[in-house]
Ligand SMILES: [Zn+2]
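Numbering (this note's numbering), first residue to last: 371 to 504.
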């Protein structure tokens, strides 16, 4: 008995869940969100995330210990994550300048980076204007 329909993997489920979120989520959040879809073990989530990371489809925001879908930077550009410490908003930017700097460093030193992520912590435009600074 052959079934030719495309199998939906746990990695697909995790990726879809990340796509449906408007902010980075922890592996624990993913587990909770996918429990009804048959994802019941944290190791399943981590394995799926590793797979997606290898495929370049997700990012790990190290300083938040959270995961997000990768929007830009597929062609080796360095994504820059601006993380607001007040409201938790994370914005992904792709800055060609950083990619050039890293490429230059790689050329000078011979170091071949697999991936690079830059995380900026601070206050987003909304928060810095709504809070008087003194
Ligand atoms: Zn903010």
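The beta carbon of each residue, even a glycine, is placed where N, CA and C say it ideally should be. Please read all numbers here as calculations on a predicted model, not as lab measurements.
Check: residue i C-beta below 8 Å from any heavy atom of ligand 1
i           : result
residue 392 : no
Residue i, buried or exposed, once every other Cβ within 10 Å from all chains shown has been counted against 16
i           : result
residue 431 : buried
residue 319 : Residue 319 cannot be examined here, being either before or after the span of the chain that is shown, 371 to 504.
residue 466 : exposed
residue 485 : exposed
residue 411 : exposed
residue 378 : exposed
residue 488 : exposed
residue 475 : exposed
residue 418 : buried
residue 425 : exposed
residue 478 : exposed
residue 405 : exposed
Sub-9 Å separation of residue i and residue j beta-carbons
i           : j           : result
residue 452 : residue 494 : yes
residue 387 : residue 403 : yes
residue 428 : residue 415 : no
residue 448 : residue 482 : no
residue 393 : residue 433 : no
Contact shell at 6 Å, judged by CB to any heavy atom of ligand 2, ordered along the chain: With respect to ligand 2, the structure offers nothing, as its ligand set consists of ligand 1.
Alpha helix (DSSP H) runs wholly inside the segment 389–442, at least 4 long, in chain order: 397–404, 412–424
3-residue-minimum beta strand (DSSP E) runs that sit fully inside the segment 467–492, ordered along the chain: 488–492
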